[in-house]
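Colleague: Just so you know, we're using my numbering here: the sequence shown kicks off at 3 and counts up by one. Note that the Cβ used here is the ideal one computed from N, Cα and C, for glycine as well.
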Amino acid sequence: MDCGKRKRNRRLTGRLMPSVLMSVLMGALLCTGPGAEGGMALASAGVEQMSADTEITSGGREKLGSAAKKIISESQETGRDVNRSGYVAITNNVIFFPYDNHLCSALIKEDGSVIEIISEGRFSEKLFGLNVYGTDLYLALQSGFYKLDLKTMEQPELLSEESNYGDIHISDGYLYFLNRNCVARIPLEGGSPETLTPEADDYVITNKAIYYTTGNGKLYRGALDGSSAEQIGDIPEKVQLHLLEDQLYIVGDEVLQYDLKEKKMSRIPLAYEVDPEWAALVTDDALFYCSAEGPTIRYDFKTQEERDIGYVFIPDKCYLQTYNGFAYMYWGGDELEVLDLTSCESVEYNVTEELGISDDQNGAGEQETLTEGQEAAQGDYRIDANLYAKTSEGTVAFLATDHFCLYFNYDDFSNGLWEWETADSSSINFYYAPARAAGYGGLVFSLRAYDWGDNGYADWPHYAMAGQTNTKKYVVTFPTDVQYDPNDESQAAEYQRLFQYAERIDQNSSDSPISFSEY
């Protein structure tokens with residue numbers, strides 16, 4: 003099926019790889035655009051000219067050669083050699099990002115602007131994250147992690163049936179990610195996930211350690227294999243971790259700086275109160291944070307001067323990459339935004355218009371993998387868009403849509419205690435199946451999406467804020483009457499266990515089993 007209608011070269015063709023259609027990704031990749039004149043291959047950007055002792059990271063920095071890397075590993079701890087990305091990955095002036103079911107790329111000019119946004123290929127399942135490491139592209143899809151060799155474009159290799167929605171770190175032969183809220187890793191050649199930490203709110207990776215938080219006001223450090231974990235400092239309970247070389251920045255209602263070399267914690271004095279509910283950005287020159295008063299503040303590390311730059315939205319770190327003085331931000335939807343980190347001016351690019359693809363090429367029709375009886379919604383929000391459930395390896399069970407991923411206790415899920423049903427376009431009900439089948443209702447909770455400005459959930463007698471994105475607020479509501487047979491001790495015990503699980507779905511809970519996406 004020919005789904006490309008523009009006469010452009012694919013970014014991945016040319017000297018770096020044969021000019022052929024992208025291989026089928028385990029039956030998921032359906033089509034790519036046609037090859038033609040125009041565009042630019044990665045090879046022409048310099049990949050083939052790299053020496054055997056040099057690599058380019060996705061952040062655009064040239065990685066140190068093996069001799070220098072050995073010196074670093076023996077002398078100092080740093081984040082320089084760790085490759086981190088999520089929804090956006092950059093290498094050799096080429097940016098990669100997911101757009102619905104498409105793998106997209108664009109060229110970055112010397113002035114930071116973006117040109118030639120194209121689709122490299124399309125999947126029958128959602129692409130949730132990616133990382134470019136050397137000449138390999140690591141993909142986080144609904145069905146797991148895959149590795150695609152950009153030189154040969156041969157059939158990608160399935161690395162693990164586990165996947166994630168957030169940051170992907172690559173260091174020292176391993177891929178690190180959050181698996182069921184715990185930091186885990188798999189070898190780059192593939193394998194089962196190895197759990198390294200307890201449930202973590204946030205984490206960063208250096209060449210020697212994992213730094214993570216658990217929502218209890220403590221900062222922890224453990225070896226890369228998860229051993230020798232220790233508490234190294236007191237911090238606010240709700241924080242974001244940002245690593246820059248050998249400096250770790252902890253952003254909460256205050257900003258702390260931990261020096262990896264000196265192993266000392268200090269506080270950065272700021273003129274404004276920090277709003278910890280919004281993401282921050284740390285660059286070589288400055289800290290960008292949201293003030294409690296509303297505007298975004300740029301704090302200059304060298305001069306310690308602070309500047310109100312207006313209401314500049316900074317997404318979570320998994321949705322952006324900094325590159326040559328610019329921040330490239332994409333969190334789903336139509337807009338790719340580029341922020342000049344010096345002038346603090348931004349430019350938006352409409353991905354839908356640039357791609358020039360029709361709705362049937364954008365995840366609809368024959369390539370959708372929808373739940374039976376569910377229709378694809380184009381242009382209208384549906385909380386159940388692309389809903390699917392999955393269990394794997396006897397331990398993991400979750401239900402996901404374009405907008406959220408909800409993990410369950412594996413035994414309860416696999417034993418059929420849970421059922422769900424779409425109530426309307428913005429809500430899904432979750433039931434205790436035995437009570438529902440017996441005619442007692444069985445409702446455990448409902449997950450509802452609200453637009454910003456709509457506070458209708460306040461009318462519910464029992465609710466909790468499950469999470470927020472840039473476009474929606476997600477609320478769980480609970481029944482106030484008995485939803486199981488009170489004379490059945492087994493039902494009573496099982497329902498209470500499920501209800502206690504549901505009460506953890508709260509954005510203020512450190513062990514909340516749900517995460518949200520901007521799609």
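#1: For Pro189, does the count of other Cβ atoms within 10 angstroms reach 16, so buried, or fall short, so exposed?
#2: Consult DSSP for Ser492 and reduce its assignment to one of helix, strand or coil.
#3: Considering only their Cβ atoms, is the gap separating Trp422 from Tyr412 smaller than 8 Å?
#4: Taking C-beta to C-beta, are Val90 and Tyr330 nearer than 8 Å?
#5: Using DSSP with H/G/I as helix, E/B as strand and the rest coil, what is Ile117?
#6: Does any CB atom of chain C fall closer than 8 Å to the CB of Val484?
#7: Locate the beta strand (DSSP E) running through Asp426, then write down its first and last residues.
#8: Please state if the CB of Glu308 and the CB of Tyr274 are separated by a distance shorter than 8 Å.
#9: Note down the Cα distance separating Tyr176 from Arg187, rounded to an integer number of angstroms.
#10: In this structure, how does DSSP classify Lys319 when only helix, strand and coil are distinguished?
#11: Tell me which same chain residues have a C-beta within less than 8 Å of the C-beta of Gln323, skipping the five on either side of it?
#12: By the DSSP assignment, the beta strand (DSSP E) with Pro100 in it spans what residues?
#13: Determine the closest residue to Val353 out of Asn95, Glu118, Val84, with distance taken between C-alpha atoms.
#14: Need the endpoints of the beta strand (DSSP E) that Arg223 sits in, please.
#15: In whole angstroms, what separates the C-alpha of Asn181 from that of Ser512?
#16: Opposite His104 in the DSSP bridges: which residues?
#17: Assign Arg124 to buried or exposed, taking buried as 16 or more other Cβ atoms, counted over all protein chains shown, within 10 Å of its Cβ.
#18: Exposed or buried, what is Thr344 when buried is set at 16 or more other beta-carbons lying within 10 Å of its beta-carbon?
#19: Heavy atom of the ligand GTP less than 7 Å from the Cβ of Ala186, yes or no?
#20: How close, in whole Å, do the beta carbons of Lys319 and Ala281 come, if the pair is a contact with beta carbons under 8 Å?
#21: Any idea if Trp333 is buried or exposed, counting beta-carbon neighbours within 10 angstroms, 16 or more meaning buried?
#22: Whole angstroms is fine: what's the gap from Val253's alpha carbon to Arg269's?
#23: Quick check on the DSSP output: what are the complete beta strand (DSSP E) runs of length 3 or more inside the segment 176–216, in order along the chain?
#24: Can you have a look at Val484 and say buried or exposed, based on whether 16 or more other CB atoms are within 10 angstroms of its CB?
#25: Who does Ile92 pair with in a DSSP beta bridge?
#26: Taking the alpha helix (DSSP H) that Arg384 belongs to, which residues open and close that run?
#27: Apply the 10 Å Cβ neighbour rule to Tyr101 and answer buried if 16 or more other Cβ atoms are within range, or exposed otherwise.
#28: For Gln502, is the classification buried or exposed, using 16 other Cβ atoms within 10 angstroms of its Cβ as the cut-off for buried?
#29: What are the boundary residues of the alpha helix (DSSP H) that includes Asp413?
#30: Just curious, the alpha helix (DSSP H) that Thr354 is in, first and last residue?
#31: Would Thr208 be called buried (16 or more neighbouring beta carbons within 10 Å of its own) or exposed?
#32: Using the Cα positions of Asp277 and Asp426, report the straight-line distance between them to the nearest angstrom.
#33: Distance, Cα to Cα, Gly443 vs His464?
#34: On the CB-based measure, 16 or more other CB atoms within 10 Å of its CB, does Arg499 come out buried or exposed?
#35: Take the Cβ of Ser53 as the centre, count every other Cβ of all protein chains shown within 10 Å, and call the residue buried at 16 or more, exposed below.
Modeller: Straight from the coordinates:
#1: Result: exposed.
#2: Helix, per DSSP.
#3: In this structure, Trp422 does not lie closer than 8 Å to Tyr412 by Cβ.
#4: Taking a C-beta distance under 8 Å as the contact criterion, Val90 and Tyr330 qualify as a contact pair.
#5: In this structure, Ile117 counts as strand in the three-state DSSP scheme.
#6: Note that chain C does not occur in the displayed structure, where there is just one protein chain.
#7: It spans 420–426 - the beta strand (DSSP E) in which Asp426 sits, taken as one unbroken run.
#8: Here Tyr274 is near Glu308, since their CB atoms are less than 8 Å apart.
#9: Approximately 6 Å between the Cα atoms of the pair.
#10: Here Lys319 sits in helix by DSSP.
#11: Cβ-Cβ distances below 8 Å link Gln323 to Ser60, Gly61, Ser87, Val90, Ala91, Ile92, Ile97, Ala329, Tyr330 in the same chain, with the five nearest sequence neighbours on each side left out; the list follows chain order.
#12: From DSSP, the beta strand (DSSP E) with Pro100 extends over 96–101.
#13: For Val353, the nearest C-alpha among the options comes from Glu118.
#14: Annotation: the continuous beta strand (DSSP E) that includes Arg223 extends over 220–225.
#15: Between Asn181 and Ser512, the C-alpha separation is close to 15 Å.
#16: Residue pairing by DSSP places His104 opposite Tyr101, Arg124 in a beta bridge.
#17: Buried, by the Cβ-count rule.
#18: Thr344 should be labelled exposed.
#19: Absence of the ligand GTP is noted for the structure shown, with no ligands found whatsoever.
#20: That belief holds up - the Cβ atoms of Lys319 and Ala281 are roughly 7 Å apart, short of 8 Å.
#21: When all chains shown are included, Trp333 counts as buried.
#22: Answer to the nearest angstrom: the Cα atoms are 10 Å apart.
#23: Whole beta strand (DSSP E) segments, 3+ residues: 176–181, 184–189, 196–201, 204–207, 211–215.
#24: Its Cβ having fewer than 16 others within 10 Å, Val484 is exposed.
#25: In the DSSP output, where bridge partners are listed per residue, Ile92 has Ile97.
#26: Per DSSP, Arg384 lies in no alpha helix (DSSP H) and is assigned neither H nor E.
#27: Per the 10 Å Cβ criterion, buried.
#28: Flag for Gln502 reads exposed.
#29: Run containing Asp413: 412–416, per the alpha helix (DSSP H) assignment.
#30: That run of the alpha helix (DSSP H) goes 353–357.
#31: By the neighbour-count rule (16 or more Cβ atoms within 10 Å), Thr208 is buried.
#32: Each residue's Cα considered, the two are about 34 Å apart.
#33: Roughly 17 Å between the two C-alpha positions.
#34: With fewer than 16 other CB atoms across the displayed protein chains lying within 10 angstroms of its CB, Arg499 is exposed.
#35: Confidence at Ser53 is low in this model, with a pLDDT of 31, below 50, so its placement is unreliable and the value that follows should be read with caution. Classification of Ser53: exposed, given that the 10 Å Cβ count is below 16.
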